[in-house]
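Shown next, in structure tokens, is the structure this report addresses.
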Amino acid sequence: MSRPEVRSKPCAYCGRPFTDRKRWSGRDQWDQVLYCSRGCRAKAAAARRSA
Ligand SMILES: [Zn+2]
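This is the structure:
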């Protein structure tokens, strides 16, 4: 009776929703994932620095 939980949230950089993936399907890793891709993560980091 338990349905699979598909987690998703908007990317903190581009705003596009993305879903849980294998590589971050660990216990608490999902909470730490903010970006849909490494590219967005890098861009966000660069934007932070130059801001
Ligand atoms: Zn993104």
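Under my numbering, read the sequence shown as residues 20 to 70, first letter to last.
Heads up, the beta-carbon is just placed ideally off N, CA and C, and yes, glycines get one too.
With burial defined as no fewer than 16 other Cβ atoms inside 10 Å of the residue's Cβ, what is the status of residue i: buried or exposed?
i: Val25; result: exposed
Nearer than 8 Å: is that true of the beta carbon of residue i relative to any heavy atom of ligand 1?
i: Arg68; result: no
Measure the C-alpha to C-alpha separation of residue i and residue j and round it to an integer number of angstroms.
i: Gln48; j: Arg68; result: 24 Å
i: Cys59; j: Asp50; result: 17 Å
i: Arg40; j: Tyr54; result: 12 Å
Once you ignore the five residues that flank residue i on each side, which residues in its own chain have a CB closer than 7 Å to its CB?
i: Lys62; result: Tyr32
i: Ser56; result: none
Just to confirm my understanding: we take residue i, look at its own chain, exclude 5 residues before and 5 after, and list those with CB closer than 6 Å. What are they?
i: Pro36; result: Ser27, Pro29
Within 6 Å of ligand 1: residues by beta-carbon to any heavy atom: Put simply, the residues with a CB less than 6 Å from any heavy atom of ligand 1 are Cys30, Tyr32, Cys33, Arg35, Tyr54, Cys55, Ser56, Cys59, in chain order.
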